[in-house]
Every structure is written in C-alpha cells, then in structure tokens.
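Working notes, structure below.
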C-alpha cells in the first residue's frame, strides 16, 4: 500500500509539463467515485490532493474488499488506458480529492513517446503486482487480529508519507480519522463483527483508542508484535 515515491514525484520536469498540458483538473467530493469497476472508460487520473480507496466487489452481497489506498501524486486507472480492458476495481474519494484527468488516448501517446514514463509505469506495475501477491498471502494465512494490526500500521505509514509530501504535521492521523470500522473490515477482508471484536481487544489492552471514524495508534510495538504473529497477553473477548 505504501510507495516511497509516487508517480508524480519521480516524473521529470519536462514530462510533468507535458502531463499538465494534456490533462484537465477536477475535484471530487467525499465518497464520490473517481472510477467504477467494470466501467469501459479509459481515462487516467493523477491525484493532486486527498486520498482515494481502491476496492473491488466480493461474493458477499454489499461487501467490498479494499485493495489499496492512493495518495497525492499517485496514478490510478492506467490499466484500462493501456490495456483496453474494463476497470478491474473502483476508486472512491476517502475525503475531498483534487486530480488531473487524462484521456486514455492522450495518456497512451504520452507514455509511448517518453521512455522514462514507460519505465516508470512498468516499475509501478511490478510493485503493485508484488503487493497484490502479498495481500493474497495475508488473507490466506493470518488471523483477523494480525491483519488488523498490520493494516493499522500500514495506514499510519501511508499517512506519514503523505504528511512528508505536503509538509504537514506527523503526529496526526487524517487517513485513520476518516476510516470507519466497516472500512477497516473491507481493508482486511473480514466481517465487521470480527474487526469490531479485534478493536475491542486492542482498546482493552491500551494498544489503540477509537472514536467515531477515528482510530489512534497508541502502542506501535504491540501492533508490530501482533502483526508478526506474537502474543501480547490480550484479555479474553
């Protein structure tokens, strides 16, 4: 879920100018879809401000599985633009989002005439495929509380990366503050009840504090130990 540097960070000055020339800026409201799964559109977006959730439908009626979070500077929608295929996931604004919108044909031309951009896209694809493989391993082998602990740490790291980008404070948790318990359940591939139980245990042990749409991490060492399969002597449920 976390990349040290984003697509926009790595893009050279001339390529960035070219990207701005072929794109238009758009804003999205909280919970508004940037992209829809199975849609046949081909445009690409580059996030300029805000956070977006990448998710896909599951066999459970109204449930979804959160695949990733995307932050300022990240690219979304490129697979449909480059591969001519339907959208494989939905992308939804976690809060207010500002983004560049690039028509698919223009993006293909942009990538095709600049070897730097082509190499960057390939590196991003490899990174995301590796992340997807790790997510499948996690779902198959870890308990819910292990997945919750690991995901909370990933969300915090994502937040810290975002505040480094913008120069914002490092001691607040804007992503976690917008993440409700049902979002966390979607992010770990578990039921809301199972995640609520895990959070109750973590609260009782003083590892986290929770309020409506806010989860604060108190004991990072305990979370790391749990994520690795260790035992911190959690109370009985």
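Numbering (my numbering), first residue to last: 325 to 561.
Ideal placement from N, C-alpha and C gives every residue a C-beta, glycine not left out.
Please read all numbers here as calculations on a predicted model, not as lab measurements.
- Contact annotation: residue 358 and residue 369 have beta-carbon atoms nearer than 8 angstroms.
- Per DSSP, the unbroken beta strand (DSSP E) holding residue 372 starts and ends at 368–373.
- Taking the Cβ atoms as the reference, residue 500 lies roughly 7 angstroms from residue 538, within the contact range of under 8 angstroms.
- Using a Cβ-Cβ distance cut-off of 8 angstroms, the region 468–475 and the region 512–526 are in contact, since at least three pairs of beta carbons, one from each stretch, lie closer than that value.
- Here the alpha carbon of residue 354 sits roughly 22 angstroms from the alpha carbon of residue 478.
- Pairing residue 410 with residue 364 gives a Cβ-Cβ distance under 8 angstroms.
- Here DSSP, grouped into helix, strand and coil, assigns residue 531 to coil.
- Cα atoms of residue 398 and residue 530: separation of roughly 34 angstroms, rounded to the nearest angstrom.
- Under the Cβ criterion (8 angstroms, minimum of three pairs), the region 512–520 does not count as touching the region 439–450.
- Taking every protein chain shown into account, the CB of residue 450 has fewer than 16 other CB atoms within 10 angstroms, so this residue is exposed.
- Across the structure, residue 344 and residue 545 are spaced so that their CA atoms are roughly 43 angstroms apart.
- Between the alpha carbons of residue 553 and residue 510 lies a distance of about 21 angstroms.
- For residue 469, the three-state secondary structure derived from DSSP is helix.
- Per DSSP, the beta bridge partners of residue 414 are 379.
- Residue pairing of residue 540 in beta bridges, as defined by DSSP: 533.
- The bridge partners DSSP lists for residue 519 come to none.
- Taking the Cα positions, residue 394 is about 26 angstroms away from residue 549.
- Beta-bridge partners of residue 346 (DSSP): none assigned.
- Here DSSP, grouped into helix, strand and coil, assigns residue 434 to helix.
- For residue 358, no alpha helix (DSSP H) run applies; the uninterrupted beta strand (DSSP E) run containing it begins and ends at 357–359, by DSSP.
- Excluding its 5 nearest sequence neighbours in each direction, residue 390 has C-beta neighbours in its own chain below 6 angstroms: 377, 379, 510 and 511, listed in chain order.
- Between residue 373 and the set 422, 382, 340 and 335, the nearest pair of CA atoms involves 422.
- Under a 10 Å Cβ-count criterion, residue 465 is classified as exposed, with fewer than 16 other Cβ atoms of the shown protein chains found around its own Cβ.
- As a beta-bridge residue in DSSP terms, residue 424 pairs with 349 and 370.
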